[in-house]
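For the record, the sequence lines run as chains P and G.
Take 134 as the starting number for the first sequence in my numbering and just add one per residue.
Take 149 as the starting number for the second sequence in my numbering and just add one per residue.
Please read the structure below before turning to the comments.
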Amino acid sequence: MSQINFDSILSDFIAESNELLDKTESAALSLEQGFDLATVGEMFRAMHTIKGNSGLFDFTAIQNLSHSLENLLNAMRNEEIRPGMDSVDVILTCVDRLREMIANPGNSNSIRVDDLVAKISAFLPGPKSKTDGATNDTKEQKQNAQTNPDVISSQSVSNAQHPVNNGSGLKIPNKFLKSARESGKYLSLIYFDLLSQKNTSVLELGKIFSNLEQSGTLLMKGLRAGFSPLKEGVPAGMHSYIVTLSTVPGEMLLSELGINGKVKTLYAPETGGVMREVSEPVAVQKEETVIQTNMETTSMNTETIAEPSQTTPNVESNLSVGKTEGGVDFLKVPVKLIDALINMAGETVIARNELLQRIAAVRDASLEMSGKRMSILITRLQEGIMRTRLQELNSVFQKLPRLVRDVANQTGKKVDLIMTGGDVELDKTLIDAIGDSIMHMIRNSIDHGLESPEERKRIGKKETGIVKVSAHLRGGNVILSIRDDGKGLNLDKIRNSAVTKGLVTKEAAARATDQQVAEFVFLAGLSTADKVTQTSGRGVGMDVVHSNFKKLGGTVELLSEPGKGLTITATLPQTLTIVTCLMIKSSGTLFALPQQNVEELILSDSEKVSQVENHDVYDLRGHLLPLINLGKLLNLPENEKFAAQYIAVVHSERHRFGLRIDEIVNLEEIVVKRLGEHFAGLNFFSGAAIMGDGEAVLILDVPGLAKFANLQGNIEEEKDDLEKQMESVQETGFLLFGVFGQRFAVTVASVPRIEKITKSEVDLFMGMEVLQYRGEVVPVVHLDQVYQFDKKIERKEDIYLIIFHIKGMRIGIIADEIFNVLSDIPDLEIGKFTGHGVKGHAIIGNHTTLVIDAVELLRDLRDTKFHEITKEKDSEKLEGKV
Amino acid sequence: MNFFRKKDHVFVSIVPDELNGPTEKLRDSLLGVLPVPSGNDLKISLGSAPDLPVKNLTVIMSFVTQLKSDGIKVVFTASNEILDAIAAMGLSSYFDTIEREK
């Protein structure tokens, strides 16, 4: 007989409830900005689920509170009360209490909820108002409307909430389109006359609407025209519209429902995200990304919930996250199982590396081919498994609006929170580990960084301060930035505080540069706050943040601009486990250098090495690059046979320098092993790895090396120079190349490398042409398959691969000839030829040349799955003709 | 249809037969209530009627529209089922106040 695993069900309950509470919290905050039935519906469903699930375990307190909250939300859903600041406060308090109970469900019944239940009851329309005569109700409502924003006034219903849209400018929230795109469903606008339906009973029609709503299909509804006054005769029609999100086209949906109507498809998955032309004016609303919180309005405007209610009255959407129609999209898998798979993938990579080394020694072509295939498959398998652990930063970001609201309220400041990059994915371990640190940094930014509204006004700033939180990916790292427009760090105060508290000596503090003083905030026990507040001032925090990021292989850097604000930039590796590294040797010792830090490798030219203030520098294309000799830095034994003949140009967030090395061995994916605590002080190593032959190697930490060598941060200046260079190249440079005799031109700025290869190096793998390039599998694009043109010449054995780097992925274009780099394209004609990435065409040297934006082309192709290129080769479905 | 006035309040009660009867007849009955003096409140009740044709609902909605254009506040009372259906169709906001029939 099978037994129910109660513990497993309980952990599912906890995980799901917490997820639902997070959503409820975000939704509640958005209600302060404007009433939205869809949002209330989402919250209602969340409470309903928590109530139902808690009943299963007999957690009566959780059940009672979620039931009460459900009642409140139901009243909002039925438009009996309207959310205001007070009711949102109660909802948020309930969410906090529920979290507390769910964190320790075994004791949940001992936590009192009657206080909150009573508070909720005060908001609910009482039985008196329901049963008494109209006179009392109306008066009561009138009074309530004046005193309680949570009660809908008669005026607001009749004017603002009138669900009529005459079709002249119906606005479809962009989130509906986004939702359709992400779920691959149809988004349809359906018009129909309720009077001309087969189901002419109110209950029957109501049931249809209700079913659509419950299944999450109905996003929006309303009338296209109001009712004519009765004196004008019997109404001839009742013209409604609905916006639906369905797995089947709108026409089919109508037919299934037995409704006669007219359908405008706003999004169809097969059109690849392009809105079909619609005859009625339909506008897609721009999403708001600014979240505003301040003491007076405490208004919130979030990316996911923002539609101005006055333009889309009565939006009764029922989008529910994670809800699927007729299928399961998500599976809950224990993290332990994923971790076990990741460990196995790591061990498989090590075993593969060992096997490949042995295969290479045998020198058997067929064995090598098999090894290559196995290698590609293992790489893909490992990438896939790693992806299962990736989570969007949104899981942390969604907590920030609440935090900002609370801290703003506590400190009496006005704050706009702007968040970008919530879709950046990060390993779950990292997400779990950095959540508190991010919140701490934001709390600090508001409490310490931003001035009070009065102070800001006095110094000519806007009363409302800005905190920007952004995240983006760069070379396998996630760069997280928290920026405020406050007063910046008070370096004198920090210096004095560090000395007073005995954290640094007076002499050291006097010698320290501004940047070093700024980094004193990472010292344990340092606080410059004049008083200890609820939010900060205890001197515990930034040191913990710093050490948290460091433990995870990341860095935290500060850039303070007095009077303008502070930017905290934290860098983290996207995953912890497997890293592609360049294996190098210095003084005969093997090291792993993370590829994400490597910009280029050059053969050292001794004539270009000079000394500036006793430091070696290298003249790299007119720029002086600081040099670090790895062997000397690490005190490795010197030997004549070890000549530092190569320079690896490496960068961290703040440094760019050349690392002198003796030998470049190869590129390898290595499984990172943590260093023991004895190595904790060695900042220039980030971990270790076991190689295929069993040898252990240390992984170099580039920022740590830069610090160890006392390099000054130089990346800002370099960036400026680089940007200038890029600008000049973008203005002038075009690479001319030929494919089967047809000429193409692409902007040089977007071309990182051109490799000469042979045709036979291109492999066909799972229907996709790929090339192994520096240990990486690079998908290959044939322009003759993308654009249809006559092949004027035969392809030779030697060809070129132009390699582009797009969003962390390398993609190559095959070329037969490389002609020239032009400073400009004269007489570019636009519009005659179309296709992926086509900018236009020009006559260059008597040849018609198609000018393409390769990045756009490759981004298109990457997004539409690369393997489809070869499949569509014969059917010539890809657009574009030359 | 039952209809009576008391001070500033007008009470209209539509019986099930009328609710499910010819649309023209319902319209005529409702027209008989008009005009309602400005400043009055009107309560329209569908009693415990379980359902009604959509066409007759549109007549009631037109009646409400007429009243609102005359500045009359309208309280609507019906069974739970009818109110739920009206809410699902997105029409409940046409009324100033909605009450569920006891």
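Where is the CB? At the ideal position from N, CA and C, for every residue including glycine.
- Put simply, the CB of G/V207 is near chain P, with a gap under 8 Å to one of its CB atoms.
- Between the segment 326 to 346 of chain P and the segment 225 to 236 of chain G, the count of C-beta pairs closer than 8 Å reaches three or more; the two stretches touch.
- Burial is judged here by how many other beta carbons sit within 10 angstroms of a residue's own beta carbon; P/S243 has fewer than 16 and is exposed.
- For the pair of segments examined, the segment 205 to 218 of chain G was found to touch the segment 363 to 375 of chain P: the number of CB pairs separated by less than 8 Å reaches three.
- Going by beta carbons, P/A975 and P/V872 fall outside the 8 Å limit.
- A distance below 7 Å between beta-carbons, with the five flanking residues on each side excluded, links P/S508 to the following residues of its chain, in chain order: R485, L489.
- With contacts defined by Cβ atoms closer than 8 Å, P/V911 and P/I936 form a contacting pair.
- Here P/N204 carries a helix assignment [DSSP, helix/strand/coil].
- Chain G places no beta carbon closer than 8 Å to that of P/M519, leaving this residue out of the contacts.
- Contact annotation for G/V202 against chain P: L327, L328, Q330, N332, T333, S334, V335, E337, L338, M371 [CB-CB distance below 9 Å, chain order].
- Distance from the CA of P/N237 to the CA of P/F818, rounded to the nearest whole angstrom, comes to 40 Å.
- For P/S361, the residues of chain G that pass the 8 Å Cβ criterion are S210, T213, in the order they occur in the chain.
- For the pair P/G978 and P/L961, the CB atoms are not nearer than the 8 Å cut-off.
- At a Cβ-Cβ threshold of 8 Å, P/L583 and P/D617 count as neighbours.
- Rounded to the nearest angstrom, the gap between the Cα atoms of P/G945 and P/V750 is 34 Å.
- Contacts with chain G (Cβ-Cβ distance below 7 Å) from the segment 167 to 200 of chain P involve no residue at all.
- Only residues of its own chain outside the window of five on either side were considered, and among them Q196, S199, H200, E203 have a CB closer than 7 Å to the CB of P/K184, listed in chain order.
- Under a criterion of Cβ atoms nearer than 8 Å, no residue of chain P is adjacent to G/M149; the nearest Cβ is some 14 Å distant.
- Within chain G, the C-beta atoms nearer than 7 Å to that of P/P368 come from T206, V207, S210, in chain order.
- Counting C-beta pairs closer than 8 Å gives fewer than three between the segment 627 to 634 of chain P and the segment 597 to 606 of chain P, which falls short of the contact rule.
- The beta carbons of P/Q531 and P/S159 sit closer together than 8 Å.
- Under the rule that a run must span 4 or more residues, the alpha helix (DSSP H) segments found entirely inside the segment 315 to 403 of chain P read 335 to 347, 383 to 390.
- Here P/I627 carries a helix assignment [DSSP, helix/strand/coil].
- Flagged as an interface residue toward chain G: P/G355, by a C-beta distance shorter than 8 Å.
- For P/S819, the secondary structure class from DSSP, reduced to helix, strand or coil, is strand.
- P/E389 is outside the set of residues whose beta carbon lies under 8 Å from a beta carbon in chain G.
- Comparing alpha carbon positions, the residue from P/S743, P/N768, P/L767 closest to P/H756 is P/S743.
- Under the 8 Å criterion on CB atoms, G/D232 is classed as interfacial with respect to chain P.
- Taking a cut-off of 8 Å on C-beta distances, the segment 645 to 659 of chain P does not touch the segment 557 to 567 of chain P, as fewer than three cross pairs fall below it.
- By DSSP's assignment, P/F790 forms a beta bridge with P/V783.
- Contact with chain P is absent for G/S193, since none of that chain's Cβ atoms lies less than 8 Å from the residue's Cβ.
- Going by C-alpha positions, P/E694 is about 47 Å away from P/I253.
- For P/Y906, the three-state secondary structure derived from DSSP is strand.
- The beta carbon of P/N393 sits no closer than 8 Å to any beta carbon of chain G.
- Contact note: P/N211 reaches chain G through A235, using a C-beta cutoff of 7 Å and chain order.
- For P/R876, there is no enclosing alpha helix (DSSP H); the enclosing beta strand (DSSP E) has its first and last residue at 875 to 880.
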